[in-house]
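Novice:
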Amino acid sequence: MSSETEHPLLRPTVILNGFDIYESKTQLYIVGSNESEGYYRVLRISRTTNDLKRMVEDDGVSHSRESIRQLVTSIQASGMKLVVAGVCAILGFVRFTKGYYISLVTGRRPVALLGGHYVYHVEDTRLLSITYRPERSDVEEQCIARFRNVDLTKNFYYSHTYDITHTLQRNVCMWRNCNQRSNGQIKEWRYHSMFVWNYQLICNATQGVEIGTEWTIALIHGYVDQSKLSILGRDVYITLIARRSRIFAGVRYLKRGVNSAGYVANDVETEQIINTMEVTSFDMPYGRPFSNPGYSAYVQHRGSIPLFWSQETSGIAPKPPIEINVRDPYFVEAGRHFDSLFHRYGTPIVVLSLIKTKERAKRESALGEEFSEGIHYLNQFLPRGKKIRYLAWDMSRAKKNRQEDVLAILEVIAEETLTLTGYFHNGSELYSNYLKRCSAGDTRSQRKGIRLQTGIVRSNCIDCLDRTNAAQSIVGKVALAHQLFELGQIDEPYLSFNTDAAMIIEEMYHDLGNTIALQYGGSHLVNTVQTYRRSTNWRSHSRDIVESLRRYYSNSLLDMERQEAITFFV
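Each residue of the sequence shown is one higher than the one before, counting from 493 in my numbering.
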């Protein structure tokens, strides 16, 4: 887990969110401004050297509107031309075989508003050569093409003013501690580099160079969506943020299991944020930063089973055999993985494994047995109360049993896990909720101050797609009920499936699942929440078959190209 400690990425204390770029044969000038265009900075880049330390110059001087107008007039008089106007963000620098390029965001679309902070989806990009009119070799052209194979206009997001690489709980706690200890001045606010997909581009721009962090932004990959829910005339916003890890990233059959550092394939952190609209800002009036009690968040995790395993796809079988490549009796890499989860989320860690437990020919079940053995082994070294909680439930088998209601069972599991981990609420317990607890026989005193989520539910199936997403959707629905109750929007912490709130959250998780499935598996979800309803019809079944065939086609023909592009980019 060394990557985050060796090269920490610091968040800027000054926000630049608009850029114009001027060029001559020997220089580039980047003029950056803040939202109000009352604060300007200038970055000078030499086009005559490939040494970054001598190439980039940031003098750190702030300019007024009048002084920057004079500067622009003078550089235009010297023959420099405006080459790119209205740049939205700078992703960093990249070099292939010769000179450097600047990766730019030239189009954006707002997709969410959190506490007054916009989250943007990347709509258009540009790769600007620092070298003036370079002669590109065939190898250089191939590298550029491979770099562009990671389409930054598909499910990449950023925010200039809100740290979307971290959870709301972490951001709030950071701000509150900062205001208590240092009069609101944050000396070092680090991005969560695991989720920063332009990490290497930023490092290229800042390592060993005196350049301010305000010139670049952190880009996450995954999914962001926001929906409005009206409850008796009161508006509530639901925001889903899925953060995909850039480490050990890739496509389904080429990235399985765990690597030697404990990172797993298809590692996705999903955060569900609920906020009322009485006050939209995170802050409350009268100088109380980040103290708006109208915000609640819940986080869950998905990731491949942390063992060394793979599937051979060279044959024609749509379900290739599962091979455990290395059997480590000490489960070192699995231990590293869970150590990372403990560090990120605290305890307890609840593992919800949805893979098959009984098969005629062992595939998933063999992996499940090894996983169970590994958790049992690791738990020997954990203190009482801190042990990993392992829940194995064959979701596919339950679906085939007419006596079992899959969604009802998932609701029970969700309630139990939510009791263990809790959820985040940025305020004290409502007095009305306290009275309801008292009338139900709960004699605990009214909670004062924020409520924290401690621990996480880690869900997995084989691909961490279909079954996992259906389970996470139900967990999200149960969490939503508790969040709405905590915020005083409903009278009890329960939502039936036919309510508007339940249908909205199910649709949002469906869209999230489709997006993650396309990114990792190459097709839409095969099985959805609808698949596990008792009233599933033949149309749903036929759609599932079509998506299975699409996924197989993608895995067979396109995975290698997609994997090469991802590995090259990150």
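In this text, a Cβ means the ideal position worked out from N, Cα and C, and glycines have one as well.
Since we're looking at a predicted model, the values are computed, not measured.
Determine the burial state of residue 873: buried for a count of at least 16 other Cβ atoms within 10 Å of its Cβ, exposed for fewer.
Specialist: Residue 873 should be labelled exposed.
Novice: Can you tell me where the alpha helix (DSSP H) holding residue 713 begins and where it ends?
Specialist: Residue 713 -> not in any alpha helix (DSSP H); beta strand (DSSP E) instead, spanning 712–723.
Novice: Quick test of your reading: residue 816 and residue 858, contact by CB under 8 angstroms. State the CB separation rounded to the nearest angstrom.
Specialist: Right, the Cβ-Cβ distance comes to about 7 angstroms (below 8 angstroms), so this counts as a contact.
Novice: Can you give me the Cβ contacts of residue 1029 inside the same chain, cut-off strictly under 7 angstroms, excluding the 5 residues immediately before and after it?
Specialist: Reliability of the predicted coordinates at residue 1029 is poor, the pLDDT of 48 falling under 50, and no value is obtained from them.
Novice: Look at the Cβ atom of residue 713, then the Cβ atom of residue 649, and state whether they are nearer than 9 angstroms.
Specialist: Yes, Cβ-Cβ distance for residue 713 and residue 649 is below 9 angstroms.
Novice: Around the C-beta of residue 711, are 16 or more other C-beta atoms found within 10 angstroms, so that it is buried, or is it exposed?
Specialist: So residue 711 counts as buried.
Novice: For residue 687, which three-state DSSP category applies?
Specialist: Residue state, collapsed to three classes: helix.
Novice: Bridge partners for residue 792 per DSSP, in chain order?
Specialist: Answer is 762.
Novice: Mind reading off the beta-carbon distance from residue 748 to residue 801? Whole number of angstroms is fine, and I expect it under 8 angstroms.
Specialist: Contact holds; Cβ gap of about 6 angstroms.
Novice: Taking buried to mean at least 16 other C-beta atoms within 10 Å of its own C-beta, is residue 1011 buried or exposed?
Specialist: Counting Cβ neighbours within 10 Å, residue 1011 comes out buried, since at least 16 surround it.
Novice: Assuming residue 1000 contacts residue 719 (C-beta within less than 8 angstroms), just tell me the rounded distance between them.
Specialist: 6 angstroms between Cβ atoms; contact.
Novice: If you check the beta carbons only, do residue 611 and residue 559 fall under 9 angstroms apart?
Specialist: Contact flag unset, no.
Novice: Assign residue 955 to one of two classes, buried (16 or more other C-beta atoms within 10 Å of its C-beta) or exposed (fewer than that).
Specialist: Its Cβ being crowded by 16 or more others within 10 Å, residue 955 is buried.
Novice: In the DSSP assignment, what residue or residues form a beta bridge with residue 616?
Specialist: The partner list for residue 616 (beta bridge, DSSP) reads 599.
Novice: Using beta-carbon positions only, say whether residue 826 and residue 883 come within less than 9 angstroms of one another.
Specialist: It is not a contact, given that the beta carbons lie outside the stated cut-off.
Novice: From the DSSP output, in three-state form, read off residue 581 for me.
Specialist: DSSP places residue 581 in strand when its eight states are reduced to three.
Novice: Please go through the same chain and pick out, in chain order, the residues whose beta-carbon is closer than 7 angstroms to the beta-carbon of residue 667, but skip the five residues on each side of it.
Specialist: Once the five neighbours on either side are set aside, the close Cβ partners of residue 667 are 781 and 782.
Novice: Looking at the structure shown, is residue 878 part of a helix, part of a strand, or coil, going by DSSP?
Specialist: Reduced to three states, the DSSP call for residue 878 is coil.
Novice: Enumerated in chain order, which unbroken segments of the beta strand (DSSP E) with a length of 3 residues or greater are wholly contained in the region 841–916?
Specialist: The qualifying runs are 841–845 and 881–884.
Novice: Is the beta carbon of residue 535 less than 9 angstroms from the beta carbon of residue 583?
Specialist: No, the Cβ-Cβ distance between residue 535 and residue 583 is not below 9 angstroms.
Novice: State the beta-bridge partners of residue 604 as determined by DSSP.
Specialist: Per DSSP, 611.
Novice: Can you tell me the Cβ-Cβ gap for residue 1059 and residue 795, rounded? I've got them flagged as a contact below 8 angstroms.
Specialist: 19 angstroms between Cβ atoms; not a contact.
Novice: In this structure, does DSSP put residue 989 in helix, strand or coil?
Specialist: It is coil, neither helix nor strand.
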